[in-house]
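**Student:**
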């Protein structure tokens, strides 16, 4: 790819970012050759070109943009084409529209982080009937709609770990709330289910007061936090599930003079939470590398087209060894970010 083409590709990418609020979807196409050449190739030879549609829950939040970076790196390393196309709002309806367009583009694989495990079923089945492979990543659908799920971490381990983090900060007693993403996001709901189990089994003096849904909207998350602060005078802890929620919670606590009085743990990226961790507004944030998740998803999607299924203990270049139980890949272990180690990470 020459320098001129790289320049115009970057300019086009920035234009898309600037215009996302005016569009119902966001799309980035990475291919290591001129786009017009790609458009004239109707008969694909999978030895030379595999096209993978990568669909996030929502296009333009840092977590999914980081996953896109990993996916585009994989596209270059593995000689495939990646189309990153996502909705502007975290709804099943907008995701369905995105998937329909990918079907029309006749991609080889659709890899989707599902906003709803059931509502996407019909459109994913339509894709499969047209010979398109379907996998899920980050958030799953019903298993009958896809070949396998690329999961970041084990749901039980993640949920129990988050509860342990909050219990440690709260001295294992007091009242807490959960602020999460979409009410239909399977991965988030599984974590919440397991953290409730952990609390019931090991922390009887902790009490869950409320669960609120911000739908991947940082402004809504801020307003919900303010409402919770007003509603519960004796609130001592907040769990922020979904990457936009912990920074929104932290800013609300700062604005209302509650920094340090209410303990906060959850899932987010180090770059989004760094200042709040260093100021002790947030205590511990846990996640994984979204870049690696994007990379792994593309690597396994290419293998699937070549009829090479994942297997337990498989070594994937740039990722490491993965686990596989028949229909779910587990990438690895979560990473905890604190004020002491957050500067070691950049995503």
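Numbering (mature numbering (1 follows the signal peptide of the UniProt record, and there is no 0)), first residue to last: -23 to -1, 1 to 324.
Think of the CB as a built atom: it goes at the ideal place given N, C-alpha and C, for glycine as much as any other residue.
Okay, do the region 181 to 191 and the region 150 to 160 touch, 3+ Cβ pairs below 8 Å being the bar?
**Tutor:** In this structure the region 181 to 191 touches the region 150 to 160; the number of beta carbon pairs closer than 8 Å is three or more.
**Student:** Near residue 46, what residues of its chain come up, given a Cβ to Cβ distance below 6 Å and the 5 sequence neighbours on each side ignored?
**Tutor:** Closer than 6 Å at the Cβ level, and outside the excluded window around residue 46, lie 268.
**Student:** So, residue 144 versus residue 180, is the Cβ gap smaller than 9 Å?
**Tutor:** yes
**Student:** Can we say the region 24 to 38 touches the region 274 to 283, given the rule of at least three CB pairs closer than 8 Å?
**Tutor:** yes
**Student:** Flag this pair as yes or no: are the beta carbons of residue 141 and residue 127 separated by less than 9 Å?
**Tutor:** no
**Student:** Sort out for me which residues DSSP pairs residue 199 with in a bridge.
**Tutor:** BP columns for residue 199 are empty, so no partner.
**Student:** Check whether the Cβ of residue 229 lies closer than 9 Å to any Cβ atom in chain C.
**Tutor:** Checking the listed chains, one finds no chain C in this structure; it contains a single protein chain.
**Student:** Ignore the nearest five residues each way along the sequence and tell me which others in residue 21's own chain have a CB closer than 8 Å to its CB.
**Tutor:** Because residue 21 carries a pLDDT of 42, less than 50, the predicted location of this residue cannot be relied on, and the following value inherits that uncertainty. Counting only Cβ-Cβ distances below 8 Å, and skipping sequence neighbours, we find 27, 28 and 85.
**Student:** Go ahead and pull the three-state DSSP assignment for residue 312.
**Tutor:** Residue 312 carries a strand assignment under DSSP once its states are collapsed to helix, strand and coil.
**Student:** Under 8 Å by Cβ, that's how I've got residue 92 and residue 67 pegged, so tell me the actual separation to the nearest angstrom.
**Tutor:** Between the beta-carbon of residue 92 and that of residue 67 there is about 5 Å, and that keeps the pair under the 8 Å contact cut.
**Student:** I'd like the span of the beta strand (DSSP E) that includes residue 114, first residue to last.
**Tutor:** 110 to 114
**Student:** At what residues does the alpha helix (DSSP H) containing residue 99 begin and finish?
**Tutor:** Its alpha helix (DSSP H) spans residues 98 to 106.
**Student:** Using CA atoms only, rank isn't needed, just tell me which of 73, 137 and 221 is closest to residue 159.
**Tutor:** It is 221.
**Student:** Pull up the distance between the alpha-carbon of residue 303 and that of residue 125, whole angstroms please.
**Tutor:** 8 Å
**Student:** Would residue 240 pass as a contact of residue 147 if the rule is Cβ separation under 9 Å?
**Tutor:** yes
**Student:** By alpha-carbon positions, which one of 102, 318 and 99 ends up nearest to residue 261?
**Tutor:** Relative to residue 261, the option among 102, 318 and 99 whose CA is nearest is 318.
**Student:** According to DSSP, residue 190 sits in a beta bridge with which residue or residues?
**Tutor:** Per DSSP, 157.
**Student:** Which term fits residue 18, buried or exposed, when burial requires 16 or more other beta carbons within 10 angstroms of its beta carbon?
**Tutor:** Because residue 18 carries a pLDDT of 32, less than 50, the predicted location of this residue cannot be relied on, and the following value inherits that uncertainty. Under this definition residue 18 is an exposed residue.
**Student:** Does the Cβ of residue 101 have 16 or more other Cβ atoms within 10 Å, making it buried, or fewer, making it exposed?
**Tutor:** buried
**Student:** Going by beta carbon distance, what residues of the same chain come within less than 8 Å of residue 212, once the five residues before and after it are set aside?
**Tutor:** 152, 153, 154, 186, 205, 206 and 239
**Student:** Rank 42, 310 and 105 by C-alpha distance to the C-alpha of residue 248 and give the top, closest one.
**Tutor:** 42
**Student:** Please check the pair residue 263 and residue 244, which I expect to be a contact at CB under 8 Å, by giving their CB distance rounded to whole angstroms.
**Tutor:** About 6 Å; that satisfies the 8 Å criterion.
**Student:** Going by Cα to Cα distance, which pick from 193, 233 and 203 is closest to residue 218?
**Tutor:** 193
**Student:** Nearest to residue 113 by CA position, among 305, 48 and 137, is which residue?
**Tutor:** 305
**Student:** Within the same chain, show all residues whose beta-carbon is closer than 7 Å to that of residue 38, passing over the 5 residues directly before and after it, in chain order.
**Tutor:** Excluding positions up to five away in sequence, the list reads 193, 220 and 221.
**Student:** Is residue 7 buried or exposed, if buried means 16 or more other CB atoms sit within 10 Å of its CB?
**Tutor:** Model confidence at residue 7 stands at a pLDDT of 37, short of 50, so the residue's coordinates are unreliable and nothing is read from them.
**Student:** Counting C-beta neighbours from all protein chains within 10 Å, is the total for residue 122 16 or more, i.e. buried, or is it exposed?
**Tutor:** buried
**Student:** My output table needs one value for residue -18: the three-state DSSP class, helix, strand or coil.
**Tutor:** Because the pLDDT at residue -18 is just 37, under 50, the model does not fix this residue reliably, and the value given afterwards should be weighed accordingly. Residue -18 falls in the helix class under three-state DSSP.
**Student:** Considering only residues of the same chain and omitting the five flanking positions on each side of residue 97, which have a CB-CB separation below 8 Å?
**Tutor:** Cβ neighbours of residue 97 beyond the five flanking positions: 69, 72, 73, 76, 89, 91, 118 and 122.
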